[in-house]
Each structure stands twice: as structure tokens, then as C-alpha cells.
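Enquirer: Below is the structure I would like to discuss, written out as C-alpha cells.
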Amino acid sequence: MTTLDTLLLFSLLTVLVSGLGVRLKMIGWVSAIMFAAQFVALLFMGGLGYGGSAIESSVSLTILNQPLSWRFDSLSWFFALITIGSALASSIFAAGIWAKKFHKHDGKPGLLQFAIALNVFTMLLLLASGDLLSLFVGWELVSWASLLLMVMAGGSSSQWGLRYIVYATAGAMAVLAGIGLIYHLTGSFSYADLANTAATFSSTNIVILSLLFIAGFGVKMGLLPFHLWQAGAYAEAPGPGSAFLGAISSRMGLYAMLVVVIQLIGLARLIAIEIPFSFLSLRDMLMWVAAFTIIFPTFTALRQNDARHLLAWHGIGQGGYMMMGILVLNPLGSAGGLLHVFNYASNQAALFLAISAVVYRTHTADLNRLGGLVTRMPLTFVVLLVGIIGLAGIPPMNGFVSKWLIYRSLIVEGMPLLFVATVIGTLGTILSVYKLIHNTFLGQLRLEHEHIREVPWSMLAPMLVLASVVFMTGFMPGLVLDWVVSAQAALGIPQLAHTLGGVESATGNLDMIWITLVLFGGFGVGALLFYSGNKAKRVHQLDNYAGGHFLTADDRYHYSNNFYAGLMHHIGSWYRGTFKWLESSIISIVSLLSGSTQRLFHSFHPALFLLIAATLSLYFFVG
Amino acid sequence: MNEILLTIIEVIMMPIVAFIVGLFMVLMMRKLAARLQRRIGPPLFQPLYDIIKLYGKQTQISHGLIHDIGIIMAVGGYVAAEALLPVPGMDGIAAKGGLVTLAYLTMVPSLGLALGVGQCANPNGSIGISRALTSMLAYDIPFIIVVFGVAYHFSSTNLVSIIATQQAGGISTWGISEMPVLALAGLFALHASLGKQPFEIYIAPAEIATGPMVEMGGKFLGGLFVMQSFQLYTASVLYVSLFLGGGENWITFLLKCFAVLAIPIIIAYLFPRYRTDDLVRLVWKWPVMLALIGVAFVMN
């Protein structure tokens with residue numbers, strides 16, 4: 016039994032135990048402990064993070080003469096670490112007092128734990144897949160498992176779940192078609208055969224294959240134009256479920272794309288293919304898809320009035336950064352893209368959990384019904400602050416490092432427009448996350464929230480741990496870059512030379528240790544200056560006046576609705592909902608077709624039968 | 323070990339120098355404004371007196387811890403950013419960060435200010451921040467195109483080597499002679515980033531009662547005053563480093579910095595203010611166009 020078998024066994028046990036004990040009160044903590052066991056099992060495979068060779072599973076199957084095998088390499092380990100880490104955080108958050116309240120509101124906390132466990136198990140199976148067939152099996156399992164998590168909240172979430180499964184099925188069909196074409200070309204499902212013969216494929220086949228796979232896997236990633244399902248499906252899940260889905264679920268699409276398109280087919284083939292009547296190669300076109308995936312969802316997020324939807328839309332946009340970085344294909348870019356998977360997951364999990372904490376106390380995530388909570392829930396505020404700085408990619412948090420690598424790679428490659436596109440995404444994110452923190456934690460406190468308290472420790476602890484991960488991996492990005500470089504090696508792409516503090520290169524360094532220390536030194540100077548001034552008198556939060564007259568606490572003057580009015584005045588008309596229109600027109604066409612076929616059948620079939628019978632009898636008699 | 327000690331000394335010295343120079347820049351701004359309005363203007367040490375007065379005021383109203391921390395972040399972020407800006411004789415940690423890092427590090431003070439203002443729960447303040455972030459979205463786009471062009475031209479994001487290349491080649495290799503269009507776009511973006519007329523949409527005293535500053539008095543306002551002197555210094559030194567060959571020695575360096583800063587200031591006091599949407603349209607149209615043309619030249 017290899018360490019991989021142990022991990023998969025633990026994961027399966029978690030599924031079984033949480034499934035059998037779904038009604039038990041203690042099941043939350045039991046599942047959390049079992050997730051921790053999975054995490055430990057993963058750490059026993061830690062050699063993979065530092066360039067160890069792949070670990071095979073001793074389990075293998077043969078179906079219809081086709082072998083199915085499982086193995087873990089550095090890339091799988093890196094993704095598995097993020098998966099189990101975010102599952103562990105979500106599970107602990109959901110295990111304690113949160114579960115009681117969830118139960119009181121007709122939720123099923125045991126089912127939530129089971130759903131997370133099932134997701135983790137299927138994701139591990141996908142990450143461990145050792146051939147195209149097991150990849151497809153894993154892919155399907157992941158798709159259906161995440162549906163369970165999406166629809167378990169009931170209500171509008173089932174609508175979103177339905178939408179998701181339509182997209183996911185279409186995506187799976189594309190993947191299946193791609194795998195079928197590969198089987199036709201190579202005669203086997205093994206990775207090695209594909210990697211060896213990919214060089215002999217014709218350009219047409221490469222185009223078809225990459226479009227099929229990128230469309231198929233892109234659905235899960237929320238790549239434009241397949242993104243419409245994601246925000247609602249992730250946001251409407253129960254709080255910790257959203258955190259888990261938002262942090263890692265759609266990255267499975269990225270993993271599968273990395274394996275098939277980058278590792279096996281190779282990006283060089285994509286660069287070599289020119290798109291007729293344009294200056295772009297196939298790779299450049301995909302980079303533009305990534306750029307638009309960054310910009311459009313980010314600015315859609317800017318318009319959201321529900322905190323969870325806002326975050327979920329950012330999740331789609333941040334996926335674009337990962338794709339962009341990987342497609343640059345220099346060591347900087349691909350390292351940035353992979354590092355962003357980790358960084359983004361830590362940010363997003365922290366943010367979703369913080370918002371869930373707010374929802375736990377206030378029963379709403381509506382950005383127009385909150386405000387001033389910073390004095391009530393200071394630690395949650397700190398977590399949210401760290402998370403948004405990371406998500407927006409501002410130093411000293413980890414999100415900055417991965418985005419820096421992507422910016423640098425685009426500068427080095429001389430891609431000004433894509434560079435500007437990524438920066439526009441970052442600026443849009445800054446605007447949007449400030450709105451998030453302003454509307455929830457700053458500004459006027461509503462009277463009905465005057466007596467709420469900080470959330471209990473079972474919820475705070477995972478949030479604070481995530482926030483410290485966000486900070487520490489920003490302070491010392493080399494910790495994660497070690498794993499990223501091993502993953503690069505596993506993918507067979509050039510590896511980044513890095514240090515503990517960041518990157519050392521002749522044309523531009525990054526040393527986050529110095530930068531962070533100097534930044535905090537600067538804050539120290541700022542504090543020294545501030546506290547050397549005359550002592551300030553602290554006024555009560557509800558003691559306010561405006562324009563010369565006093566406001567009582569029940570006057571609502573929190574500036575929250577249409578927060579960026581000036582900007583929207585200018586770009587508001589750009590939100591035309593083109594993609595929604597596209598989606599609904601496809602739906603209309605399909606329903607028109609099905610409707611007319613049905614109509615045809617209903618209205619014509621008696622007559623049709625008569626006609627056929629008449630013709631046949633005529634033929635019989637006359638002939 | 324010696325090298326680290328030297329870096330630490332430079333990191334301490336650079337913000338002090340920046341603060342002193344920044345105070346004189348504030349003075350120059352007020353003097354120029356006065357002269358354009360046919361007044362005499364304040365005396366030499368007026369900016370310093372103002373800061374001391376504000377810090378020493380009797381009435382100091384804090385709206386909560388985040389209000390205080392916001393001001394600390396606003397000042398502290400700039401103090402740290404100065405260590406990334408090379409000046410004659412001192413490089414600090416410029417080689418460890420570079421241009422992109424500097425561009426993002428200067429967002430920390432803005433974020434701090436935004437947090438502090440948010441805690442004050444004054445709608446005018448919040449509207450001011452909404453406008454300030456919108457204008458940041460506007461001017462950062464041409465600015466970042468300029469950053470790209472310069473970094474591509476010198477094939478480096480390291481400010482130290484960008485300056486060294488320009489100084490080695492003389493005036494003909496300065497950014498402004500090799501990339502005049504980008505330099506023009508950069509000046510435009512620099513002006514907008516200072517938040518002076520006609521781009522002072524987020525102060526707008528007549529509309530939103532000075533926006534972010536509305537709840538700021540005493541040392542809170544004093545902190546913003548300090549922040550402003552750092553901001554003027556950072557913007558002009560960055561421009562000089564990118565386009566005017568940095569500083570060979572302190573005299574030419576300071577001359578260049580003050581000259582660069584004088585241009586937007588003179589324009590500022592001759593123009594009225596734009597609306598938010600007008601600003602976005604203007605800044606997205608002209609400097610972006612200029613900057614893209616500039617980049618096209620650079621990459622040819």
C-alpha cells in the first residue's frame with residue numbers, strides 16, 4: 016500500500032463516515048478530524064512538493080481491455096494540498112456553533128460535511144488520474160459531486176444547479192469527444208502514448224483537440240463565454256460550502272487543462288498555429304479569452320449587491336489570471352499562474368468564511384443592509400481586510416506576488432495590451448472589494464446590529480489561520496514557490512529560479528521580505544507620528560452629524576447603493592448582458608426546435624400514418 | 323552584513339529626505355497658486371508650522387480605531403514607498419522591488435485613507451472615496467501603459483538600472499528624448515494622480531464638503547498633510563527617474579523634480595474642476611491613446 020492509497024482510503028472513509036452519520040450531532044467534528052487526517056496523509060507525500068518522483072497507486076482496473084490507473088505527481092500534490100486545506104478550513108468552520116444555527120434553519124449540517132467529503136474524494140480521484148479514461152471518470156464524478164453541494168441549500172440554488180449541470184454536461188461531452196478523437200489517433204488512453212505521438216498530429220487535429228478540451232474544461236473554470244452558471248451556483252451554497260467551492264472547485268478545470276493541453280499536447284503546438292486573417296496564433300487567441308475572463312466578470316462583480324455573488328464573480332475573473340499566466344509560457348508566467356491558484360484559494364476561502372460569519376450574525380449578505388460592523392466584529396473585519404488586500408493583489412499579501420509574476424512575464428514577452436488588461440482587472444477588483452468592506456464593515460452601523468457580537472472561536476480559528484496563510488505566503492512567497500517549481504517540473508515546462516523572498520533576476524527582482532519589513536517599518540513611523548500628536552477623543556460610533564445638524568441613529572445615511580455612480584454613469588451602458596442574451600438565444604433556438612418537432616409529430620402523425628398506409632396500400636394494389 | 327546595515331541606513335534616510343523635499347514642494351505649490359492669484363503666498367516654513375499646529379490641536383476627534391489606523395497606513399505606506407525610489411547616492415531597496423512593486427505599493431496609502439474615511443460614517447467622505455477610487459481607475463490605466471513602455475524600452479523593471487542607463491548615455495538617451503509621446507502621456511497621468519484641479523473631483527469642496535477630509539481634523543488632517551507632501555515627492559521623483567535620467571547629483575535632481583511638478587500645479591490653478599464621468603472619459607481617451615502610440619513606437 017503506497018502513501019497515495021492511504022490518502023485515498025482516508026478520503027473514502029471520510030465520505031463513508033460522514034455519509035453514515037449524516038444525522039449525528041457530532042458528525043461535524045468527526046469529519047473535521049478526518050479531513051485533518053487526510054491533510055496529514057498528504058503531508059507524508061510532502062516529498063512531491065520538493066521535486067519527488069510520482070507516487071503510483073497500487074489499485075488499478077481493467078475495463079474492456081483498457082487499463083485505468085492512478086498516480087500522484089507534484090502538480091497533483093499541489094492541487095490536492097489546496098483542496099484538502101480549503102476543505103479542512105470549511106469543515107471546521109461548519110462543525111461547531113455554525114452547524115447548530117444551520118440546523119435550526121432547516122439546514123442539514125451533516126449533509127454539508129458529506130457533500131464536502133464527497134467533493135474532496137472525487138477531486139483527489141481526478142487529480143490522481145493516470146490516463147485519459149480515469150481522467151474522464153474523475154471529471155464526471157467531480158461534476159456531479161459539486162452539484163450536490165450547490166443545490167443542497169434549496170430555493171434559488173436549485174435553479175443555479177440546473178443551469179450548472181446543463182453547462183457541465185455540454186462540457187463533459189466536449190471532453191469525451193476530445194478523448195474519443197485521441198483514441199482514434201493513438202489507439203490508447205494512456206498519457207505516455209499521447210505525449211509521444213502528439214508531435215505527429217496534424218494541425219487541424221491539434222486545433223480541434225485543443226478547442227474541444229479547452230471548451231470542455233473551460234466550462235468548469237468559468238472561462239468566457241461559459242461563465243454564466245458559476246457565480247450563482249457557488250454563491251447560493253451554504254456559507255462554508257461556498258468557501259470550499261469558490262476556493263478550489265473550478266480549478267479542477269485548470270488542472271485537467273494543464274495535464275492535457277500543456278503537459279501532453281504542449282503549448283508549442285498551439286503557438287505554431289496561426290489563425291487565418293489575423294495576427295494571432297491559437298495561443299494568443301486563448302490569452303485574449305483569458306484577458307476577457309479577467310475583465311468582464313470583475314466588472315460584473317463591481318455591480319453586485321450581494322456579498323457572496325460579488326466574491327463568486329471575482330472567482331471567475333481570478334481564474335483568468337491563472338490561465339493567462341500559464342499561457343505566457345515563460346517561467347515567470349507559468350509560476351505566477353500556478354502560484355495564483357494557491358494564493359487565490361487562500362484569499363477566497365478567507366473571504367467567503369468572513370462573509371459567512373457576517374451572515375451568521377446579521378442574516379443577510381445584502382450590501383445595502385449592512386454597515387459599521389467593524390466595532391462589533393473586529394476580528395472578522397481583519398480577516399476580510401487581509402483577504403481583500405490579497406484578492407486585489409496589493410503588497411504585502413500573497414495575491415500581489417502571483418500577479419507580479421504575471422505582470423512581469425507579460426512585460427518580458429512584450430505584450431502591452433494583455434498587460435493592460437490584467438491591470439484593468441486588478442483595478443476593478445480594488446474598487447469592488449473596497450465597496451465590499453465599506454458596505455459591510457465601515458460606515459453607519461444599523462440600529463438592529465447594535466448588539467451583535469463577534470462570531471465564536473470555532474468559526475474564527477479557521478478564518479484567522481487562512482488570513483495568516485495569506486500574509487505569511489506573501490511575506491515569504493518562496494515557501495509556496497518551491498511547490499510551484501516542482502509542479503512546473505512535473506508539467507515539463509521551464510522552471511522559475513526563486514528565493515525565499517521572491518524572484519532574483521537580472522532585469523527585475525522581487526524581495527517580499529524586505530518590502531514587507533520596510534512597509535511595516537513605515538507603518539511604525541506613521542504610528543509614531545500619529546501618537547506623538549495631541550491625544551484624540553474617541554466619539555461613539557452612533558454619534559454623528561452631517562451638514563451641521565445631528566443625525567439620530569435611525570436616520571439611514573450609509574452611502575452604499577450604486578457606490579460608483581460616477582463610473583457607472585460612464586460605463587453603465589457597457590453592461591448589456593451580451594452573454595446572457597447569447598445564452599437565452601441558444602435556449603430559445605433549442606426550445607423552438609424541440610417545440611416544432613413536437614408540434615409536427617402531434618399534428619401530423621395521424622395524417623402521416625394514414626398517408627403512409629395509403630401509399631403502401633396503393634403500391635401494393637397497383638404494383 | 324555591512325551591506326544590510328547600509329541598506330537599513332538608506333531606508334531610514336530616504337523618507338526623511340523625501341519629507342523635507344515634499345514640504346518644499348507643498349510650499350512651491352502654494353506659492354505658485356498665490357502668484358497666479360496675485361497674492362504673495364505663505365512664508366518659507368508655513369507647511370511645517372501647519373503640520374505642527376495640526377498635530378498639537380486641542381480638539382482631536384477619532385471615530386474609532388480604524389480611523390486612526392487609516393491615517394497611520396496613509397503616512398506609513400508612503401514612508402515605505404520612498405525606500406523604493408532611488409535618489410542620488412541612495413538606492414535603498416529599489417533593486418529589491420522595482421517599478422511594478424512601487425506602483426502597487428503606492429496604493430497602500432490610498433487604501434489606508436479609504437478605510438479611515440469609511441469608519442467615519444460620513445456619506446460625504448464615502449462619496450469622496452468612491453470618486454477617488456474611480457479616478458484611480460482612470461489615471462492608473464495610462465500610467466500603467468507608460469510603465470510598460472518604459473520597462474520594455476529599458477528591458478528592466480529595476481529603477482536603479484533604468485536610471486543608470488539614462489545617465490550613462492546622456493540627454494539623448496533620456497526617456498523623454500527617446501519616448502516623447504510616452505513622456506507626455508505620463509505627465510498627463512501624473513497630473514490626474516495628484517488629484518488637483520481640474521481632476522479634484524474627490525475633494526470638491528462645494529459639492530461634497532472636501533470628501534475624504536470631511537471628518538478629518540487635528541492630527542488626522544495633519545497626517546493627510548504629511549501624506550500629500552510625500553505624494554508630491556513620489557510622483558515627481560518617479561517621473562524624473564523614468565523620463566529625465568534621474569539625479570546625477572542633488573542640485574540637478576531637485577531642479578528637475580520641482581520643474582516637473584510645477585507644470586501640473588500651474589495647470590491646476592488655471593482650470594476649474596471636471597465631473598467624475600468627464601474625468602474618466604478624458605483620461606481614458608487622450609493619455610491612453612498617447613501612451614499606446616508611445617508603446618507602439620517603443621516596441622518598433
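Just so you know, the protein sequences line up as chains H and S, in that order. Counted from 1, the first sequence has number 66 at position 51 by the working numbering; the numbering is strictly sequential. Counted from 1, the second sequence has number 468 at position 146 by the working numbering; the numbering is strictly sequential. Heads up, the beta-carbon is just placed ideally off N, CA and C, and yes, glycines get one too.
If you draw a straight line from the C-alpha of M5/H to the C-alpha of L22/H, how long is it?
Expert: Outside the displayed span of chain H (16 to 638) sits residue 5/H, for which this structure offers no information.
Enquirer: Would a check of beta-carbon distances place K595/H closer than 8 Å to chain S?
Expert: The count along the first sequence starts at 1 and reaches residue 595/H at position 580. Chain S, which has no Cβ nearer than 8 Å to the Cβ of K595/H, makes this no.
Enquirer: Alpha carbon to alpha carbon, how far is G398/S from I452/H? Give it in angstroms, no decimals.
Expert: For the purposes of this step, residue 452/H is taken as the residue at position 437 of the first sequence. For the purposes of this step, residue 398/S is taken as the residue at position 76 of the second sequence. Cα to Cα, the separation comes out at about 21 Å.
Enquirer: L58/H: buried (16+ other C-beta within 10 angstroms of its C-beta) or exposed?
Expert: Translated into the one-based positions of the first sequence, residue 58/H becomes position 43. That one is exposed.
Enquirer: Strictly under 8 Å for the Cβ-Cβ distance: is V500/H near chain S by that measure?
Expert: Sequence index remark: in the first sequence, residue 500/H carries index 485 (1-based). V500/H does not count as touching chain S.
Enquirer: Report yes or no: do the region 572-586 of chain H and the region 422-434 of chain S share at least 3 C-beta pairs separated by less than 8 Å?
Expert: The answer is no - the region 422-434 of chain S does not touch the region 572-586 of chain H, with fewer than three Cβ pairs under 8 Å.
Enquirer: Would you grab the beta carbon distance between W608/S and F510/S for me? Rounded to a whole angstrom, and I think it's under 8 Å.
Expert: Mapped onto the second sequence, residue 608/S falls at position 286. Mapped onto the second sequence, residue 510/S falls at position 188. The pair is a contact, with the Cβ atoms about 7 Å apart (cut-off 8 Å).
Enquirer: Starting from W529/H, trace the alpha helix (DSSP H) in both directions and tell me its first and last residue.
Expert: The residue you call residue 529/H lines up with position 514 of the first sequence. Start and end: 527-547.
Enquirer: State the Cα-Cα distance for the pair H242/H and S609/H, rounded to the nearest angstrom.
Expert: Walking along the first sequence from the start, residue 242/H turns up at place 227. Walking along the first sequence from the start, residue 609/H turns up at place 594. Looking at the two C-alpha atoms, the distance is approximately 25 Å.
Enquirer: Could you please give me the residues that DSSP links to L58/H through a beta bridge?
Expert: What you label residue 58/H is simply residue 43 of the first sequence in a count that begins at 1. Bridge partners of L58/H: none, in fact.
Enquirer: Provide the residue span of the beta strand (DSSP E) that contains P82/H, from first to last.
Expert: Position 67 of the first sequence, counted from the first residue, corresponds to residue 82/H. First-last of the beta strand (DSSP E) with P82/H: 81-87.
Enquirer: Run through the DSSP bridge pairs and tell me what E71/H is partnered with.
Expert: Here residue 71/H refers to the residue found at position 56 when the first sequence is read from its first residue. According to DSSP, which records beta bridges pairwise, E71/H is partnered with R86/H.
Enquirer: Decide if the region 302-314 of chain H is in contact with the region 329-344 of chain H; the criterion is three or more beta carbon pairs, one per stretch, under 8 Å apart.
Expert: The region 302-314 of chain H, when compared against the region 329-344 of chain H, does touch it at the 8 Å Cβ threshold.
Enquirer: Using 8 Å as the threshold, is the region 492-507 of chain H in touch with the region 350-364 of chain H, meaning 3 or more CB pairs across them?
Expert: Because the criterion of three Cβ pairs below 8 Å is met, the region 492-507 of chain H and the region 350-364 of chain H touch.
Enquirer: Please list the residues of the region 366-380 of chain S that have a C-beta atom closer than 7 Å to any C-beta atom in chain H, keeping them in chain order.
Expert: Answer in chain order: Y377, G378, K379, Q380.
Enquirer: DSSP three-state call for G508/H: helix, strand or coil?
Expert: On the first sequence, residue 508/H is found 493 positions in, with the first residue counted as 1. Inspection of the sequence shows that residue 508/H is occupied by Ile rather than by Gly. The answer is coil: DSSP assigns I508/H none of H, G, I, E or B.
Enquirer: I want to see whether chain S comes within less than 8 Å of V435/H, judged by CB atoms only; does it?
Expert: For this step, residue 435/H is matched to residue 420 along the first sequence. At least one chain S Cβ lies under 8 Å of V435/H.
Enquirer: Quick check: S158/H and A192/H, are their CB atoms within less than 8 Å of each other?
Expert: Translated into positions along the first sequence, residue 158/H becomes position 143. Translated into positions along the first sequence, residue 192/H becomes position 177. No, they are not a contact pair.
Enquirer: Kindly indicate which three-state DSSP category I467/H falls into: helix, strand or coil?
Expert: Locating residue 467/H in the first sequence gives position 452, where the first residue counts as 1. Coil.
Enquirer: For N220/H, which three-state DSSP category applies?
Expert: On the first sequence, position 205 is the one that residue 220/H refers to. In the structure shown, N220/H sits in a helix (DSSP, three-state: H, G or I).
Enquirer: Can you give me, in chain order, the residues of the region 424-436 of chain S that have a beta carbon less than 7 Å from any beta carbon in chain H?
Expert: Answer set for the region 424-436 of chain S: Y426, L427, M429, V430, L433, A436.
Enquirer: What's the call for G492/S, buried or exposed, on a 16-neighbour Cβ count within 10 Å?
Expert: In the second sequence, the residue the question calls residue 492/S occupies position 170. Answer is exposed; the Cβ neighbour count stays below 16.
Enquirer: In chain order, what residues of the same chain have a beta carbon less than 7 Å from the beta carbon of S499/S, not counting five sequence neighbours either side?
Expert: Here residue 499/S refers to the residue found at position 177 of the second sequence. Hits under 7 Å: I493.
Enquirer: Under 8 Å between C-beta atoms, does Q550/S make it to chain H?
Expert: Within the second sequence, residue 550/S is the residue found at index 228, counting from 1. No, its Cβ sits nowhere closer than 8 Å to a Cβ of chain H.
Enquirer: Pairing CB atoms from the region 477-488 of chain H with CB atoms from the region 585-600 of chain H, are three or more of them under 8 Å?
Expert: Counting Cβ pairs under 8 Å, fewer than three are found: no touch.
Enquirer: Quick check: M395/S and G541/H, are their CB atoms within less than 8 Å of each other?
Expert: The residue labelled residue 395/S in the question sits at position 73 within the second sequence. The residue labelled residue 541/H in the question sits at position 526 within the first sequence. Result yes, Cβ atoms of M395/S and G541/H sit closer than 8 Å.
Enquirer: Using a Cβ-Cβ cut-off of 8 Å, state whether A56/H counts as contacting chain S.
Expert: Residue mapping note: residue 56/H aligns to position 41 of the first sequence, counting from 1. Output row for A56/H: interface = no.
Enquirer: Buried or exposed: which applies to M621/S, given that a residue is buried once 16 or more other Cβ atoms fall within 10 Å of its Cβ?
Expert: Taking the second sequence and counting its residues from 1, the one referred to as residue 621/S is at position 299. Exposed, since its Cβ has fewer than 16 Cβ neighbours within 10 Å.
Enquirer: Using 8 Å for Cβ pairs, my map puts Q441/S next to G567/S. What's the rounded Cβ distance?
Expert: The residue labelled residue 441/S in the question sits at position 119 within the second sequence. The residue labelled residue 567/S in the question sits at position 245 within the second sequence. Not really, about 43 Å apart at Cβ, beyond 8 Å.
Enquirer: Could you tell me whether the Cβ of R357/S comes closer than 8 Å to any Cβ of chain H?
Expert: By one-based count along the second sequence, residue 357/S stands at place 35. No, R357/S does not count as interfacial toward chain H.
Enquirer: Closer than 8 Å, CB to CB, is Q459/H near chain S or not?
Expert: Taking the first residue of the first sequence as position 1, residue 459/H is located at position 444. Yes, Q459/H lies at the interface with chain S (some Cβ there is under 8 Å from its Cβ).
Enquirer: So, is H389/S buried or exposed, given that buried needs 16 or more other C-beta atoms within 10 angstroms?
Expert: Your numbering for residue 389/S matches position 67 in the second sequence. When all chains shown are included, H389/S counts as buried.
Enquirer: So what does DSSP say about K595/H, is it helix, strand or coil?
Expert: What you label residue 595/H is simply residue 580 of the first sequence in a count that begins at 1. Reduced to three states, the DSSP call for K595/H is helix.
Enquirer: Going straight from the alpha carbon of I426/H to that of L19/H, what length do you get?
Expert: Taking the first residue of the first sequence as 1, we reach residue 426/H at position 411. Taking the first residue of the first sequence as 1, we reach residue 19/H at position 4. About 40 Å.
Enquirer: Report all residues from its chain with a CB closer than 8 Å to the CB of G36/H; omit the five preceding and five following residues, and keep chain order.
Expert: Counting from 1 along the first sequence, the entry for residue 36/H is found at position 21. Hits under 8 Å: I42, V45, G125.
Enquirer: Unbroken alpha helix (DSSP H) runs of length 4 or more, entirely within the region 150-212 of chain H: which are they?
Expert: Whole alpha helix (DSSP H) segments, 4+ residues: 171-201, 206-212.
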